[in-house]
Every structure is written in C-alpha cells, then in structure tokens.
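Each residue of the sequence shown is one higher than the last, beginning at 12 in the numbering used here.
A short write-up of the structure that comes next.
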Amino acid sequence: MIISNSGASPIVLSSVQTASNTSATLLDSGNFVLRELNSDGSVERVLWQSFDYPTHVLLPGMKLGINFKTGHNWSLTSWVSDEVPASGSFTLGGNPNGSRELIIWWQGKVHWTSGLWRDGKFDFLPFLSSQEYKIFSYISNEDERYFTFSMDKNRSISGYRMDGTGMVMQEYGKSIMGACSIFGFHDSDGCVKQTLPECRNGEEYFEVITGPIEGNELMLDESDKLSFTDCEAKCLNNCS
Numbered sequence: 012m013i014i015s016n017s018g019a020s021p022i023v024l025s026s027v028q029t030a031s032n033t034s035a036t037l038l039d040s041g042n043f044v045l046r047e048l049n050s051d052g053s054v055e056r057v058l059w060q061s062f063d064y065p066t067h068v069l070l071p072g073m074k075l076g077i078n079f080k081t082g083h084n085w086s087l088t089s090w091v092s093d094e095v096p097a098s099g100s101f102t103l104g105g106n107p108n109g110s111r112e113l114i115i116w117w118q119g120k121v122h123w124t125s126g127l128w129r130d131g132k133f134d135f136l137p138f139l140s141s142q143e144y145k146i147f148s149y150i151s152n153e154d155e156r157y158f159t160f161s162m163d164k165n166r167s168i169s170g171y172r173m174d175g176t177g178m179v180m181q182e183y184g185k186s187i188m189g190a191c192s193i194f195g196f197h198d199s200d201g202c203v204k205q206t207l208p209e210c211r212n213g214e215e216y217f218e219v220i221t222g223p224i225e226g227n228e229l230m231l232d233e234s235d236k237l238s239f240t241d242c243e244a245k246c247l248n249n250c251s
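Here is the structure:
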C-alpha cells in the first residue's frame, strides 16, 4: 500500500507480497486495516493496520510492547510541538528487558517509568487500576507482550496524547505520565534525573524569551527541529 501525492515522493506503508483480493477498511475504533480476503469474502490475513504504527496518540485497542514473531515494537513518539508534527525526542513503550512497566525515553535515555505492573496497577500510577477503571491491561504470551488501553463505558476518556515535552495527557489536558523536567526538578513519581554539568552547581534555570535576539547568546539551528525540552537541555549543557 502506497500513499502518493503529485510532485512528492510516494510513501510505502506496506510492501508485502501481492495479494489478489484485498480490502481496506476504516474501523469504528479508528484503525485503518488492509486485509487479504478469501473467495467467500472472509478474512485470510491482515496485511497492514494503522494501529501497529501509532504516532503521538494512544487510542483504545492500540498496544505498547513487542511482537515476538515480527520483532515489531509498538510505541508512541511525540511531536516536536503542537504546531510541528515532525517526530520529537520522546518515546513511550514497554520495557524491552521484559519488566512489566511502561517507560518514556528522551533521546534514548530513560526519562520516566510507570513502576512495575502489580495486581492490576502500576506502582507510580495507582489510579490506572484495571480493577477500578478497567483502562490498562497487560498481555504476555509466546507471540507478543504488551500493555493495551480499553474504554470504560462510564468514562469519557477516549485516548491519551504525548506532547512535545514528554508528558502524556488525557484528552481534557490533565497530565498522567511523564511530568518530569529533564534534570529532575519539581518531578512526579517515576522521573529519572539526568545529570547537570558541574558548571550549573546543581541549579536548573531556563527562561523562554520571545522577540529579537541581541548580543552573543547561544544560537541553535531551527532545522534541527528542536523541541522545548531539547532546547532547554542544550542551553543548560552550554557553560560558555
């Protein structure tokens, strides 16, 4: 399956062997599925589905973990910002070492962890209890290992969104995961503190100033697609 646009390079979504009878369906869940059909119209196999490639939004039925058969990892990736939909520097997924926990990485470093999943709840997210809210569940077998999110009919939450600073938000704007500063100040449970350079003497200070820049301030190339957090880290690590 290919997405094409006049004058632009095509995007190949699926390059499986040619199937003679295929069907593309947008399900009520939001999952767009490409399937190979038998002669009687029944489904032979799923060739590709959008839920295997989430961006920065987790919808009911999506997975966070790994498929052992294909080696494919299910994870969320932040945008640079709400205005820039390019891939950012934060990723949310299952712990690859097999521990029953969710991890947010920043530039490949552990930024936040949910704590272990015990008795239907995360150590650092007790309000996401499967017994109380029936939201998250954990599946592990010989084919795959993942967390998934399901709807509680008595709740209005329809999904979670990872923003450009690594926080995972409910649809009405409340942060539930990853409310961390990169160097560990004013943090919630599960945050992993990064190391400040010695020149900072253990103090973190970062201020955003808009408008013209004068003098010899540190200049960063916008083509790097830096998020707010990336910019903060570069500035705090610059001691000149």
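By construction, the Cβ of each residue, glycine as well, lies at the ideal position given by its N, Cα and C atoms.
Keep in mind that this is a model prediction, so the values were computed, not measured.
Beta-carbon proximity list for leucine 139, same chain, < 8 Å, skipping 5 on both sides: In the sequence shown, the residue the question calls residue 139 occupies position 128. Lys132, Phe133, Ile146, Phe147, Ile187.
Nearest residue (CA-CA) to serine 238, options Cys191, Gly177, Thr206, Glu209: Stepping through the sequence shown from its first residue, residue 238 is reached at position 227. The residue with the shortest Cα to Cα distance from serine 238 is Gly177.
Inter-residue spacing [alpha-carbon to alpha-carbon] between isoleucine 193 and asparagine 84: Taking the first residue of the sequence shown as position 1, residue 193 is located at position 182. Taking the first residue of the sequence shown as position 1, residue 84 is located at position 73. C-alpha separation (whole angstroms): 25 Å.
Cross-strand partners of arginine 129 (DSSP beta bridge): In the sequence shown, residue 129 corresponds to position 118, counting from 1. According to DSSP, which records beta bridges pairwise, arginine 129 is partnered with Lys132.
Contact belief for serine 100 with methionine 173 at Cβ below 8 Å, rounded distance in angstroms: To locate residue 100, count along the sequence shown from 1; it is residue 89. To locate residue 173, count along the sequence shown from 1; it is residue 162. Contact flag wrong, Cβ pair sits at about 11 Å.
Residues bridged to cysteine 202 (per DSSP): Looking up residue 202 in the sequence shown gives position 191. For cysteine 202, which the question treats as bridged, DSSP gives the partners Trp123.
Local Cβ density within 10 Å of alanine 244, reported as buried at 16 or more and exposed below that: The sequence position of residue 244 within the sequence shown is 233, counting from 1. Alanine 244 should be labelled buried.
Nearest residue (CA-CA) to serine 151, options Val54, Pro107, Thr66, Ser34: In the sequence shown, counting from the first residue as 1, residue 151 sits at position 140. Closest by alpha carbon: Pro107.
Terminal residues of the alpha helix (DSSP H) in which leucine 247 lies: Position 236 of the sequence shown, counting from 1, holds the residue named residue 247. Where leucine 247 is concerned, the enclosing alpha helix (DSSP H) stretches over 239-247.
As assigned by DSSP and simplified to three states, the class of leucine 207: Position 196 of the sequence shown, counted from the start, is the residue given in the question as residue 207. Correct three-state label for leucine 207: coil.
Rounded distance between the beta-carbons of leucine 45 and leucine 37, thought under 8 Å: One-based indexing of the sequence shown puts residue 37 at position 26. One-based indexing of the sequence shown puts residue 45 at position 34. In fact, because the Cβ distance is near 11 Å, the residues do not count as touching under 8 Å.
Where arginine 56 falls, given that 16 or more other Cβ within 10 Å makes a residue buried: Residue mapping note: residue 56 aligns to position 45 of the sequence shown, counting from 1. So arginine 56 ends up on the exposed side.
Residue from Ser40, Cys246, Gly105 with nearest C-alpha to glutamine 60: Here residue 60 corresponds to residue number 49 of the sequence shown, with the count starting at 1. The candidate whose alpha carbon is nearest that of glutamine 60 is Ser40.
C-beta contact flag for valine 91 and glycine 175 at 8 Å: Residue numbering aside, residue 91 sits at position 80 when the sequence shown is read from its first letter. Residue numbering aside, residue 175 sits at position 164 when the sequence shown is read from its first letter. Cβ distance < 8 Å, so valine 91 and glycine 175 count as in contact.
Contact set for aspartate 63: own chain, Cβ-Cβ below 7 Å, skip 5 residues either direction: In the sequence shown, counting from the first residue as 1, residue 63 sits at position 52. Apart from sequence neighbours up to five positions away, the residues of its chain that approach aspartate 63 with a beta-carbon distance below 7 Å are His83, Trp85, ordered along the chain.
Own chain partners of cysteine 250 with C-beta closer than 6 Å, once the 5 adjacent residues on each side are dropped: As a first step, residue 250 must be located in the sequence shown, where it is residue number 239. Counting only Cβ-Cβ distances below 6 Å, and skipping sequence neighbours, we find Pro208, Cys210.
Reduced DSSP secondary structure (H/G/I, E/B, other) of phenylalanine 62: Residue 62 sits at position 51 when you count from the first residue of the sequence shown. In the structure shown, phenylalanine 62 sits in a helix (DSSP, three-state: H, G or I).
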